[in-house]
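Some notes on the structure that comes next.
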Amino acid sequence: MARFEFKLPDIGEGVTEGEIVKWLVTPDEIVKEDQPMVEVMTDKATVTITSPKAGKIVETRGKEGQVVAVHSVLVVFDLDATAAAPAPTAHTLAPAAPTAVAAKNEGPAATAVGDIREDLPGMNLMPKAAAAPATPTNGVAKDVVPAYYNEKPLATPATRKLARDLGIDLRRVPPTGPYGRVTKDDVRATAAGSAAAPMSIPPSTVAAPVDTPAPMAMGVRPTGGAPPPVAQPEPPPVASAAKAPAPMRVPPPPKGEEALEERVPLKGVRKRIFEQMGRSKHTAAHFTFVEECDVTALKDLRARLKPAADKAGVKLSFLPFFVKAVVAALKKHPSLNGAFDEGTQEIVTRKYYDIGIASATEAGLMVPVVRRADRKSILDIARDIQRLADDTKAGKVKAEDLGGSTFTITSLGAQGGLFATPILNFPEVAILGIHQMKQKPVVRDGQIVIGDVMLMSLSFDHRIIDGHIGAAFAYEIIGYLENPDRLFLEMA
Numbered sequence: 020m021a022r023f024e025f026k027l028p029d030i031g032e033g034v035t036e037g038e039i040v041k042w043l044v045t046p047d048e049i050v051k052e053d054q055p056m057v058e059v060m061t062d063k064a065t066v067t068i069t070s071p072k073a074g075k076i077v078e079t080r081g082k083e084g085q086v087v088a089v090h091s092v093l094v095v096f097d098l099d100a101t102a103a104a105p106a107p108t109a110h111t112l113a114p115a116a117p118t119a120v121a122a123k124n125e126g127p128a129a130t131a132v133g134d135i136r137e138d139l140p141g142m143n144l145m146p147k148a149a150a151a152p153a154t155p156t157n158g159v160a161k162d163v164v165p166a167y168y169n170e171k172p173l174a175t176p177a178t179r180k181l182a183r184d185l186g187i188d189l190r191r192v193p194p195t196g197p198y199g200r201v202t203k204d205d206v207r208a209t210a211a212g213s214a215a216a217p218m219s220i221p222p223s224t225v226a227a228p229v230d231t232p233a234p235m236a237m238g239v240r241p242t243g244g245a246p247p248p249v250a251q252p253e254p255p256p257v258a259s260a261a262k263a264p265a266p267m268r269v270p271p272p273p274k275g276e277e278a279l280e281e282r283v284p285l286k287g288v289r290k291r292i293f294e295q296m297g298r299s300k301h302t303a304a305h306f307t308f309v310e311e312c313d314v315t316a317l318k319d320l321r322a323r324l325k326p327a328a329d330k331a332g333v334k335l336s337f338l339p340f341f342v343k344a345v346v347a348a349l350k351k352h353p354s355l356n357g358a359f360d361e362g363t364q365e366i367v368t369r370k371y372y373d374i375g376i377a378s379a380t381e382a383g384l385m386v387p388v389v390r391r392a393d394r395k396s397i398l399d400i401a402r403d404i405q406r407l408a409d410d411t412k413a414g415k416v417k418a419e420d421l422g423g424s425t426f427t428i429t430s431l432g433a434q435g436g437l438f439a440t441p442i443l444n445f446p447e448v449a450i451l452g453i454h455q456m457k458q459k460p461v462v463r464d465g466q467i468v469i470g471d472v473m474l475m476s477l478s479f480d481h482r483i484i485d486g487h488i489g490a491a492f493a494y495e496i497i498g499y500l501e502n503p504d505r506l507f508l509e510m511a
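Following this line, the structure appears as structure tokens:
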């Protein structure tokens, strides 16, 4: 057998690992060159990796939901196999037996990054304790705190950078993330513990027995020798650190009714959404400002421009106008075009405008980005939005079209409802939600008329953006949308 081991290639700048989302091939399957084999998700995008050669799949490494390192073996091929599946014969080669390493990498804590120990926190197992130091010579046993250590910790590039910046050894950080992954919160907790260590109260010590004279009368000192030791009051007991709460479990259904419940592993895009939304909601101080916007004039403007856009082959929705209005407002309120750098504890204000467009897909929510929107016309933005929407729905969005946005817009108009409170695309400091357009009575020139009105909800991080600044930014956007001719003054 001509054995060929295919390794996970470099799939993006700065990417050192990826999560296996879905296997598209199975062992013993005959594959053609460039046939899709596996979907792998990184911090930047989900990519489909194709077969580099034709042959038979002997072995696939890694399970769906498992994180594997770049340059680790993904697939083992038999290149001698024919293009068509051969009929079974007595001398047909059987699939290669799993190696000892492969066997070791089975189970909940297995990864292709290295030998991740089975006794990881979060898996109902205690971490290994460091070897206990020798008992002090005075015979007093001191408290020994178990120390976690893992030679090959699993962590994302961003987490590794944070650890370097804080001077933390990742090998000594107990992980709490899925599959034994060290998270940024784990690194921060370790850093906080290290900083607080000098302030901890040491365990009390008992004086060793010494030769002392017989009890003496008050005020009488013995002649010669050292004074007797003075009894010290025992310090109050120190409360032990609060233990992390046990994972909340969902009890199984009654026996015989297992078919009434379905369990799906948390993986792929849904796991990224799960982690990102939870982190955003529990980190940023969300504050949402809601206001009406009369878009009657905008609706008329779009109707006038739509024939020209159709002639150019461009679908002109309302969204490009919102992007342009947001960019114009960001130039007047630059703090909303910011982010918080947790590693350096700095507020970053960007002077470029990459606008993320939250998009619903079958796999879950994704945020493709219109790059440098300030340099593009409304027609150019409409082209970008259409291309990104098509690629996202088809699952072909490129890595360079995801991530790195400076501000995000989420459109909830198609779903109806009154309004929603969007969750920040952390570490961004603001997100705009636009809602369903409805006809309502409005007052113009002292007269009540029917107008097209929608609600807009602006969520921002109140730790960084004060309420009056967020409200002023929202009214700036509304001003552009209610008088859309002003947008053409901002065009590239």
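Counting from 20, one number per residue, gives the positions in the sequence shown under this note's numbering.
Every residue, glycine too, gets a C-beta built ideally from N, C-alpha and C.
(request) Indicate whether Ala439 and Gly423 have their beta-carbon atoms separated by less than 8 Å. (result) By 1-based counting over the sequence shown, the position of residue 439 is 420. By 1-based counting over the sequence shown, the position of residue 423 is 404. No, Cβ-Cβ distance for Ala439 and Gly423 is not below 8 Å.
(request) Could you check how far apart the C-beta atoms of Leu437 and Leu474 are, in whole angstroms? I think they sit under 8 Å. (result) Counted from its first residue, the sequence shown places residue 437 at position 418. Counted from its first residue, the sequence shown places residue 474 at position 455. About 7 Å; that satisfies the 8 Å criterion.
(message) Output needed for Leu98: all residues of its chain with C-beta closer than 7 Å, excluding positions within five of it in sequence on either side, in chain order.
(response) On the sequence shown, residue 98 is found 79 positions in, with the first residue counted as 1. If we look at Leu98 and ignore the five residues flanking it on each side, its Cβ neighbours are Ala21, Phe23, Lys72, Gly74.
(message) Does Phe18 pass the burial test, meaning 16 or more other C-beta atoms within 10 Å, or should it be called exposed?
(response) Look at the range of the chain in this structure, 20 to 511, and you will see that residue 18 is not part of it.
(message) Check for me: the alpha helix (DSSP H) holding Ile292 runs from which residue to which?
(response) Looking up residue 292 in the sequence shown gives position 273. Boundaries of the alpha helix (DSSP H) around Ile292: 287-302.
(message) Tell me which residue opens and which closes the alpha helix (DSSP H) that Glu501 is part of.
(response) By one-based count along the sequence shown, residue 501 stands at place 482. Counting along the chain, the alpha helix (DSSP H) containing Glu501 begins and ends at 486-501.
(message) To the nearest angstrom, how far is the alpha carbon of Leu43 from that of Leu173?
(response) If you number the sequence shown from 1, residue 43 lands on position 24. If you number the sequence shown from 1, residue 173 lands on position 154. Between Leu43 and Leu173, the C-alpha separation is close to 25 Å.
(request) On a CA-only basis, which of Thr79, Ile484, Thr67 is nearest Phe306? Give me that one, please. (result) Taking the sequence shown and counting its residues from 1, the one referred to as residue 306 is at position 287. Taking the Cα of Phe306 as reference, the smallest distance to any Cα among Thr79, Ile484, Thr67 is reached at Ile484.
(request) Work out the CA separation of Ile397 and Ala348 for me, nearest whole Å. (result) Within the sequence shown, residue 348 is the residue found at index 329, counting from 1. Within the sequence shown, residue 397 is the residue found at index 378, counting from 1. The straight-line gap from Cα to Cα measures roughly 15 Å.
(request) Please determine, among Val59, Leu508, Asp504, the residue with the shortest C-alpha to C-alpha distance to Leu324. (result) For this step, residue 324 is matched to residue 305 along the sequence shown. Ranking the options by Cα distance to Leu324, first place goes to Asp504.
(request) Buried or exposed for Lys300, please, with buried defined as at least 16 other CB atoms from any protein chain shown within 10 angstroms of its CB. (result) Here the question's residue 300 lines up with position 281 in the sequence shown. Classification of Lys300: exposed, given that the 10 Å Cβ count is below 16.
(request) Name, in chain order, the residues that DSSP records as bridge partners for Glu447. (result) For the purposes of this step, residue 447 is taken as the residue at position 428 of the sequence shown. The secondary-structure analysis by DSSP pairs Glu447 across a beta bridge with Ala358.
(request) To the nearest angstrom, report how far apart Ala109 and Ile187 are at their CA atoms. (result) Counting from 1 along the sequence shown, the entry for residue 109 is found at position 90. Counting from 1 along the sequence shown, the entry for residue 187 is found at position 168. In this prediction, Ala109 scores a pLDDT of 39, lower than 50, which makes its location untrustworthy; no coordinate-derived value is stated.
(message) At the level of alpha carbons, what is the spacing between Met296 and Glu276?
(response) In the sequence shown, the residue the question calls residue 296 occupies position 277. In the sequence shown, the residue the question calls residue 276 occupies position 257. Distance between Met296 and Glu276, taken at the CA atoms: about 33 Å.
(request) Could you check how far apart the C-beta atoms of Val388 and Val342 are, in whole angstroms? I think they sit under 8 Å. (result) To locate residue 388, count along the sequence shown from 1; it is residue 369. To locate residue 342, count along the sequence shown from 1; it is residue 323. Incorrect: roughly 11 Å between the Cβ atoms, too far for contact.
(request) Apply the 10 Å Cβ neighbour rule to Leu279 and answer buried if 16 or more other Cβ atoms are within range, or exposed otherwise. (result) Taking the sequence shown and counting its residues from 1, the one referred to as residue 279 is at position 260. Flag for Leu279 reads exposed.
(request) Can you have a look at Leu285 and say buried or exposed, based on whether 16 or more other CB atoms are within 10 angstroms of its CB? (result) Locating residue 285 in the sequence shown gives position 266, counting from the first residue. Burial check for Leu285: the Cβ neighbour count within 10 Å stays below 16, so the residue is exposed.
(request) Express the C-alpha separation of Thr45 and Gln364 in angstroms, rounding to a whole number. (result) Along the sequence shown, read from residue 1 onward, the residue named residue 364 stands at position 345. Along the sequence shown, read from residue 1 onward, the residue named residue 45 stands at position 26. One alpha carbon belongs to Gln364, the other to Thr45, and they sit about 47 Å apart.
(message) So Leu189 and Arg179 are supposed to be a Cβ contact under 8 Å. How far apart are they, rounded?
(response) Locating residue 189 in the sequence shown gives position 170, where the first residue counts as 1. Locating residue 179 in the sequence shown gives position 160, where the first residue counts as 1. Approximately 7 Å separates the beta-carbon atoms of Leu189 and Arg179; this is inside 8 Å, confirming the contact.
(request) Measure the CB-CB distance between Glu361 and Lys203 and report whether it falls below 8 Å. (result) As a working note, residue 361 is residue 342 in the sequence shown. As a working note, residue 203 is residue 184 in the sequence shown. It is a contact, given that the beta carbons lie within the stated cut-off.
(request) Evaluate Ile469 with the Cβ neighbour count: other Cβ atoms within 10 Å of its Cβ, from every protein chain shown; 16 or more gives buried, anything less gives exposed. (result) As a first step, residue 469 must be located in the sequence shown, where it is residue number 450. Its Cβ having fewer than 16 others within 10 Å, Ile469 is exposed.
(message) Quick test of the definition: if touching needs 3 or more C-beta pairs under 8 Å, does the region 409-429 touch the region 370-379?
(response) Here the region 409-429 makes contact with the region 370-379; the two share three or more CB pairs at distances below 8 Å.
(message) Nearest by alpha-carbon distance to Phe359: which of Arg402, Ser91, Asn444, Pro55 is it?
(response) Counting from one through the sequence shown, the residue named residue 359 turns up at place 340. Among Arg402, Ser91, Asn444, Pro55, the Cα nearest to that of Phe359 is on Asn444.
(request) Using a threshold of 8 Å, state whether the C-beta atoms of Ile39 and Val87 are closer than that. (result) In the sequence shown, the residue the question calls residue 39 occupies position 20. In the sequence shown, the residue the question calls residue 87 occupies position 68. Against a cut-off of 8 Å, the Cβ pair of Val87 and Ile39 comes out as a contact.
(message) Looking at the ligand ATP, does it come within less than 7 Å of Leu506, judged from the CB to the closest heavy atom?
(response) This structure lacks the ligand ATP; in fact it carries no ligand of any kind.
(message) Ser70 and Glu52 - do their beta-carbons sit closer together than 8 Å?
(response) Here residue 52 refers to the residue found at position 33 of the sequence shown. Here residue 70 refers to the residue found at position 51 of the sequence shown. Contact: yes.
(request) Report buried or exposed for Gly212, applying the criterion of at least 16 other Cβ atoms within 10 angstroms of its Cβ. (result) Position 193 of the sequence shown holds residue 212. Gly212 comes out exposed.
(request) Could you please give me the residues that DSSP links to Thr368 through a beta bridge? (result) The count along the sequence shown starts at 1 and reaches residue 368 at position 349. Gly357.
(request) Label Asn356 either buried or exposed according to how many other C-beta atoms from any shown protein chain fall within 10 Å of its C-beta, with 16 as the threshold for buried. (result) In the sequence shown, the residue the question calls residue 356 occupies position 337. Here Asn356 is buried: its Cβ has 16 or more other Cβ atoms, across all protein chains shown, within 10 Å.
(message) Among Ala344, Phe308, Ala303, Gln405, whose alpha-carbon lies nearest the alpha-carbon of Gly332?
(response) As a working note, residue 332 is residue 313 in the sequence shown. Comparing Cα positions, the closest option is Gln405.
(request) Indicate the three-state DSSP secondary structure (helix, strand or coil) for Gly465 in the structure shown. (result) Here residue 465 is taken as the residue at index 446 of the sequence shown, counted from 1. In the structure shown, the three-state DSSP call for Gly465 is coil.
(request) For my contact list, Asp96 and Ile76 are in at a C-beta cut-off of 8 Å; report their separation, rounded to the angstrom. (result) Within the sequence shown, the letter at position 77 stands for residue 96. Within the sequence shown, the letter at position 57 stands for residue 76. Sequence check: residue 96 is Phe here, not Asp. With a Cβ gap of about 7 Å, Phe96 and Ile76 count as contacting.
(request) Report buried or exposed for Val269, applying the criterion of at least 16 other Cβ atoms within 10 angstroms of its Cβ. (result) As a first step, residue 269 must be located in the sequence shown, where it is residue number 250. Its Cβ having fewer than 16 others within 10 Å, Val269 is exposed.
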